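Same order as they appear, the protein sequences are chains A and B. Okay, so the first sequence: first residue is 471 according to the working numbering, each after it adds one. Okay, so the second sequence: first residue is 9 according to the working numbering, each after it adds one. Glycine included, each C-beta is placed from N, C-alpha and C at the ideal position. Just so it is clear, the structure is predicted and the values come from calculations on it, not from any experiment. Notes follow once the structure below has been shown.
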Amino acid sequence: MTALRLWLAPLGAIALATAVLALILLALGASPARALGALLSGAFGDSLALTNTALRMCPLLLVGLGVAVAFRCGIWNIGGEGQLYVGAIAATAVATRVAPDAPGLLLLPLVLAAGVLAGALWGGLAAALRVGRGVSEVLSTILLNFIALLLVAYAVHGPLQELSSAYPQSDAFPDAARLGLLPGLGRVHAGIALALLLVAAVWFLFFRTAAGLRLRAVGLSPEAARYAGIRPEREIVRVLFISGGLAGLAGALEVSGVTGRLFENLSAGYGFTAIAVALLARLHPLGVLPAALFFAALATGSGAMQRVAHVPSVTVQVIEALVIFFSASFALPRRAGTD
Amino acid sequence: MDPALIAFLLSTLRLSTPLAIAALGELVAERSGVLNIGIEGMMLGGAFAAFVLGVYSDSALLGVLGGIAAGVGLAALFAAFTLWRGADPIVCGAALNLFALGATGTLYRLVFPPELGQRGAPQLGELIPGLNGFVVIAVLLALGVAVFLGRTRLGLAVRAVGERAEAAHAQGVRVLALRWGSTLMGGACAGLAGATLVLWISDTFVEGMTSGRGFIALALVLFGGYRPGRIVGGALLFGAASALQFRLQARGIEIPYSLLLMTPYLLTLVVLAVFAGRVRTPADLARPFSGRA
Chain A
471 MTALRLWLAP LGAIALATAV LALILLALGA SPARALGALL SGAFGDSLAL TNTALRMCPL
531 LLVGLGVAVA FRCGIWNIGG EGQLYVGAIA ATAVATRVAP DAPGLLLLPL VLAAGVLAGA
591 LWGGLAAALR VGRGVSEVLS TILLNFIALL LVAYAVHGPL QELSSAYPQS DAFPDAARLG
651 LLPGLGRVHA GIALALLLVA AVWFLFFRTA AGLRLRAVGL SPEAARYAGI RPEREIVRVL
711 FISGGLAGLA GALEVSGVTG RLFENLSAGY GFTAIAVALL ARLHPLGVLP AALFFAALAT
771 GSGAMQRVAH VPSVTVQVIE ALVIFFSASF ALPRRAGTD
Chain B
9 MDPALIAFLL STLRLSTPLA IAALGELVAE RSGVLNIGIE GMMLGGAFAA FVLGVYSDSA
69 LLGVLGGIAA GVGLAALFAA FTLWRGADPI VCGAALNLFA LGATGTLYRL VFPPELGQRG
129 APQLGELIPG LNGFVVIAVL LALGVAVFLG RTRLGLAVRA VGERAEAAHA QGVRVLALRW
189 GSTLMGGACA GLAGATLVLW ISDTFVEGMT SGRGFIALAL VLFGGYRPGR IVGGALLFGA
249 ASALQFRLQA RGIEIPYSLL LMTPYLLTLV VLAVFAGRVR TPADLARPFS GRA
């Protein structure tokens with residue numbers, strides 16, 4: 471019964487949020503059926519829509535996965551957006567400045583590794599502040615988001631700006647630094663496959679290895695974990711490395727697979743939507759798959775909804791917030807000591 | 009006095025006032041055991057409501073009241089999910105920020121005719137010669153919060169609820185009622201701080217205009233060690249740092265703009281790194297209380 475409730479709860483959260491969206495549409499004088507129809511066809515209606523949904527799903531999968539793992543470990547990593555951006559910066563630095571002439575087969579792995587490493591270190595900074603200085607990761611990751619956003623601005627107006635200095639953007643990535651496209655799937659890049667692989671890998675790590683058990687134990691109760699010989703501080707550093715690394719990879723995949731350049735506002739708030747993804751997934755690595763698909767479709771379809779029903783695309787954030795509220799109220803696994 | 013120095017001091021006062029107001033409200037909430045990281049969102053909601061009401065009524069006072077009402081409304085949403093449903097406060101605070109960003113953006117674009125955006129919002133102006141109304145409010149608020157928490161029975165009860173909710177409950181203190189009240193008080197202050205941005209610091213509304221001030225206010229509570237006086241001092245320090253940053257920009261000093269903009273966030277991080285470990289937070293902060301214990 472409880473298990474059934476836990477699986478039905480995310481659907482309930484979506485239903486409630488959709489009902490609120492319908493009310494907003496009615497209040498705005500738009501037909502909810504027409505607007506929601508536009509949303510659906512905008513997300514899934516044709517191959518272009520499907521491509522866009524898949525492209526948006528990739529960063530949501532990776533960052534959402536990272537957020538889910540961190541939250542599960544009791545670490546409130548709100549810094550996905552910043553970790554994604556530093557990943558994109560590092561990937562761009564390698565692709566356009568450090569090693570643009572590296573041999574073809576070497577460059578792409580270097581670019582992606584730079585993204586992962588930068589994101590992991592950005593997350594690791596929050597971990598160091600938490601473990602070493604007692605600073606709550608909630609505040610530090612939020613502040614690091616602002617700093618990362620401004621670092622992007624600095625990079626594209628300064629050291630990473632294109633050599634012609636025409637626009638505040640980086641040079642285009644050399645071909646060898648671009649991710650390949652999946653055959654027969656339009657602009658969908660190979661990063662999606664990598665993201666899906668990582669979902670499986672994180673699931674395995676989390677539920678089938680001793681390292682995963684330690685992480686989950688710390689999330690359930692740091693005190694009990696300590697009695698079991700686990701050092702929570704070490705697990706906190708580990709999980710923020712993993713969480714940040716996944717977000718950093720998402721940033722590297724965006725520049726390498728989608729845009730081919732670094733510029734400001736590259737991310738459509740993926741780091742924040744990822745929190746909604748993780749909660750709708752009930753912090754389960756595999757749950758991230760449908761949850762990321764849902765929010766990717768919502769974001770893609772909102773453009774069509776804007777054209778048909780004049781609902782601004784920012785309204786999607788209201789829906790995301792409501793899904794978080796409802797999921798946190800009804801679908802989150804109870805933590806030790808809360809009930 | 010040197011006119012440049014006077015301008016700097018005035019600018020410091022301007023920039024620190026909303027930080028102090030928001031942080032004092034969050035202080036009350038946190039003392040009752042409620043950690044609300046949604047200040048940023050409540051501030052944004054307050055700024056938007058102050059702008060709409062201010063422009064429509066051409067009355068700064070109505071704008072102030074609108075800002076407070078919006079902050080209280082958003083705080084009630086937060087309280088409904090966290091205190092009533094027992095949902096996690098960090099998660100709900102993050103959601104509240106997202107909600108306010110989306111809701112104000114939607115309303116601003118849809119409901120509000122663009123030509124009204126051209127008109128500036130009315131300004132609150134001076135309440136006492138030489139002192140803007142918001143400064144007067146902030147000073148009174150700081151005194152009020154200090155007296156309330158330190159010298160009244162109700163304030164003592166609020167602190168007890170934040171330290172040991174179960175023990176306070178056993179003494180007959182109504183834990184959830186006090187937490188509701190403190191959360192709404194925090195919302196009122198955040199909304200008022202948002203109104204300050206529109207009715208004093210700039211006369212218009214821009215989407216996402218709070219730009220992290222709510223989070224800085226959150227850090228100020230820690231920095232001030234949960235004492236109203238020190239929180240105001242911290243706000244002045246941050247105001248001075250921002251004012252200095254604007255002066256450097258105006259002088260055309262050779263530091264990239266984006267790096268200058270980074271200073272308040274970096275300063276907050278450094279301050280937290282130095283002070284956070286030394287501060288004793290209320291023992292039951294962010295711990296749920298079911299009301300059945």
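Going by C-alpha distance, which of T276(B), V60(B), G53(B), G74(B) is nearest M217(B)?
Translated into the one-based positions of the second sequence, residue 217(B) becomes position 209. The option with the nearest alpha carbon to M217(B) is G53(B).
Let me make sure I understand the geometry here. Which of F711(A), I494(A), L495(A), R731(A) has the alpha-carbon closest to that of L535(A)?
Stepping through the first sequence from its first residue, residue 535(A) is reached at position 65. Looking at the Cα atoms, F711(A) is the closest of the given residues.
Using the C-alpha atoms, what's the distance from Y637(A) back to S799(A)?
Locating residue 799(A) in the first sequence gives position 329, counting from the first residue. Locating residue 637(A) in the first sequence gives position 167, counting from the first residue. One C-alpha to the other measures close to 46 Å.
Let me see if you follow: with CB-CB separation under 7 Å, is T808(A) close to chain B or not?
If you number the first sequence from 1, residue 808(A) lands on position 338. Annotation note: pLDDT 36 at T808(A) (below 50); position unreliable, coordinate value reported separately. Cβ-Cβ to chain B under 7 Å: yes for T808(A).
Whole angstroms is fine: what's the gap from M471(A)'s alpha carbon to A479(A)'s?
Numbered from its first residue, the first sequence carries residue 471(A) at position 1. Numbered from its first residue, the first sequence carries residue 479(A) at position 9. Note that M471(A) scores a pLDDT of 44, beneath 50, so its modelled location is shaky; the value from the coordinates is reported in the next line. Distance between the alpha carbons of M471(A) and A479(A): 12 Å.
Mind checking who S810(A) pairs with in its DSSP beta bridge?
Residue 810(A) lies beyond the residue range present for chain A, which begins at 471 and ends at 809; the question has no answer from this structure.
Could one say the Cβ of S24(B) lies closer than 7 Å to chain A's Cβ atoms, at least one of them?
Sequence index remark: in the second sequence, residue 24(B) carries index 16 (1-based). No, its Cβ sits nowhere closer than 7 Å to a Cβ of chain A.
Output needed for L525(A): all residues of its chain with C-beta closer than 7 Å, excluding positions within five of it in sequence on either side, in chain order.
Within the first sequence, numbered from 1, the residue matching residue 525(A) stands at position 55. Excluding residues within five positions, the ones whose Cβ falls inside 7 Å are R657, V658, V728.
My understanding is that G811(A) touches A558(A), with C-beta atoms under 8 Å, so please give their C-beta distance in whole angstroms.
No answer is possible for residue 811(A): the residues shown for chain A start at 471 and end at 809.
G285(B) touches chain A at which residues, Cβ-Cβ below 8 Å?
Translated into positions along the second sequence, residue 285(B) becomes position 277. Here the neighbours are R603, G604, V605.
Given that a residue counts as buried once 16 or more other Cβ atoms are within 10 Å of its Cβ, and exposed if not, what is M193(B)?
Position 185 of the second sequence, counting from 1, holds the residue named residue 193(B). Classification of M193(B): buried, given that the 10 Å Cβ count is 16 or more.
Does any residue of chain B bring its CB to less than 7 Å from the CB of F733(A)?
Sequence index remark: in the first sequence, residue 733(A) carries index 263 (1-based). False, the Cβ-Cβ gap to chain B never drops below 7 Å.
In chain order, what residues of the same chain lie with their CB nearer than 8 Å to the CB of G220(B), ignoring the 5 residues before and after it?
In the second sequence, residue 220(B) corresponds to position 212, counting from 1. Closer than 8 Å at the Cβ level, and outside the excluded window around G220(B), lie E48, P272, Y273.
Per DSSP, which residues does N140(B) bridge with? Please list them.
Here residue 140(B) is taken as the residue at index 132 of the second sequence, counted from 1. For N140(B), which the question treats as bridged, DSSP gives the partners E134(B).
Can you tell me which of A227(B), F59(B), A243(B) puts its alpha carbon nearest to the alpha carbon of I612(A)?
What you label residue 612(A) is simply residue 142 of the first sequence in a count that begins at 1. Here the closest residue by C-alpha is A227(B).
Can G771(A) and L496(A) be called in contact, C-beta distance under 7 Å?
The count along the first sequence starts at 1 and reaches residue 771(A) at position 301. The count along the first sequence starts at 1 and reaches residue 496(A) at position 26. Not a contact, by the Cβ cut-off of 7 Å.
In three-state terms, what does DSSP make of S640(A)?
Residue numbering aside, residue 640(A) sits at position 170 when the first sequence is read from its first letter. Correct three-state label for S640(A): strand.
Quick one: does P653(A) have its CB under 7 Å from some CB of chain B?
Residue 653(A) sits at position 183 when you count from the first residue of the first sequence. Not one chain B Cβ lies under 7 Å of P653(A).
Contact criterion: CB-CB distance below 7 Å. Does A301(B) meet it with respect to chain A?
Here residue 301(B) corresponds to residue number 293 of the second sequence, with the count starting at 1. Per-residue confidence for A301(B) stands at a pLDDT of 45, beneath the threshold of 50, marking its modelled position as unreliable; the derived number appears in the next sentence. Chain A contact via Cβ: absent.
Do three or more CB pairs link the segment 33-50 of chain B to the segment 262-271 of chain B at distances below 8 Å?
Counting Cβ pairs under 8 Å, fewer than three are found: no touch.
Would G515(A) pass as a contact of L719(A) if the rule is Cβ separation under 7 Å?
If you number the first sequence from 1, residue 515(A) lands on position 45. If you number the first sequence from 1, residue 719(A) lands on position 249. It is not a contact, given that the beta carbons lie outside the stated cut-off.
Given 8 Å as the limit, is there contact between the segment 538-545 of chain A and the segment 698-711 of chain A, that is, 3 or more CB pairs closer than that?
Contact between the segment 538-545 of chain A and the segment 698-711 of chain A is present, because at least three Cβ pairs lie under 8 Å.
With a threshold of 8 Å, are at least 3 pairs of Cβ atoms found where one atom belongs to the segment 18-27 of chain B and the other to the segment 72-82 of chain B?
Cβ pair count under 8 Å is below three, so no.
Taking C-alpha atoms, which residue in L580(A), E551(A), T488(A), G482(A) lies nearest to R648(A)?
In the first sequence, counting from the first residue as 1, residue 648(A) sits at position 178. Residue L580(A) is the option with its Cα nearest to R648(A).
Would you mind stating whether A680(A) and I700(A) have Cβ atoms separated by less than 7 Å?
The count along the first sequence starts at 1 and reaches residue 680(A) at position 210. The count along the first sequence starts at 1 and reaches residue 700(A) at position 230. No. Outside cutoff.
Starting from F59(B), trace the alpha helix (DSSP H) both ways and give me its first and last residue.
Here residue 59(B) refers to the residue found at position 51 of the second sequence. Start and end: 47-65.
Between which residues of its own chain and E215(B) is the CB-CB distance below 8 Å, once the five residues before and five after are set aside?
Along the second sequence, one-based indexing puts residue 215(B) at 207. Closer than 8 Å at the Cβ level, and outside the excluded window around E215(B), lie L109, T112, G113, Y116.
Mind listing which residues of the segment 767-786 of chain A have their C-beta closer than 8 Å to chain B's C-betas, in chain order?
Listed in sequence order: H780, V781, P782, V784, T785, V786.
Would you decide whether R684(A) is buried or exposed? Buried here means 16 or more other CB atoms lie within 10 Å of its CB.
The sequence position of residue 684(A) within the first sequence is 214, counting from 1. With 16 or more Cβ atoms within 10 Å of its Cβ, R684(A) is classed as buried.
What first and last residue would you give for the alpha helix (DSSP H) that runs through S713(A)?
Against the first sequence, residue 713(A) aligns to sequence position 243. Its alpha helix (DSSP H) spans residues 702-723.
Note down the Cα distance separating A15(B) from V539(A), rounded to an integer number of angstroms.
For the purposes of this step, residue 15(B) is identified with residue 7 of the second sequence, where counting begins at 1. For the purposes of this step, residue 539(A) is identified with residue 69 of the first sequence, where counting begins at 1. Straight-line Cα distance between these residues: approximately 49 Å.
In terms of residue numbering, what span does the alpha helix (DSSP H) encompassing F297(B) cover?
Here residue 297(B) is taken as the residue at index 289 of the second sequence, counted from 1. Where F297(B) is concerned, there is no enclosing alpha helix (DSSP H), given that its DSSP letter is neither H nor E.
Evaluate Q631(A) with the Cβ neighbour count: other Cβ atoms within 10 Å of its Cβ, from every protein chain shown; 16 or more gives buried, anything less gives exposed.
For the purposes of this step, residue 631(A) is identified with residue 161 of the first sequence, where counting begins at 1. It is buried - the Cβ of Q631(A) has at least 16 other Cβ atoms within 10 Å.
List the residues of chain B that V608(A) touches, going by C-beta distances under 9 Å, in chain order.
Residue numbering aside, residue 608(A) sits at position 138 when the first sequence is read from its first letter. Ordered by position in chain B, the residues that pass the 9 Å Cβ test against V608(A) are L43, I45, I98, G101, A102, L226.
Short of 7 Å Cβ to Cβ, which residues in the segment 494-522 of chain A face chain B?
For the segment 494-522 of chain A, which is checked against every Cβ of chain B, the residues closer than 7 Å are L498.
Are the beta-carbon atoms belonging to A588(A) and V556(A) less than 7 Å from one another?
Along the first sequence, one-based indexing puts residue 588(A) at 118. Along the first sequence, one-based indexing puts residue 556(A) at 86. For A588(A) and V556(A), yes; Cβs fall inside 7 Å.
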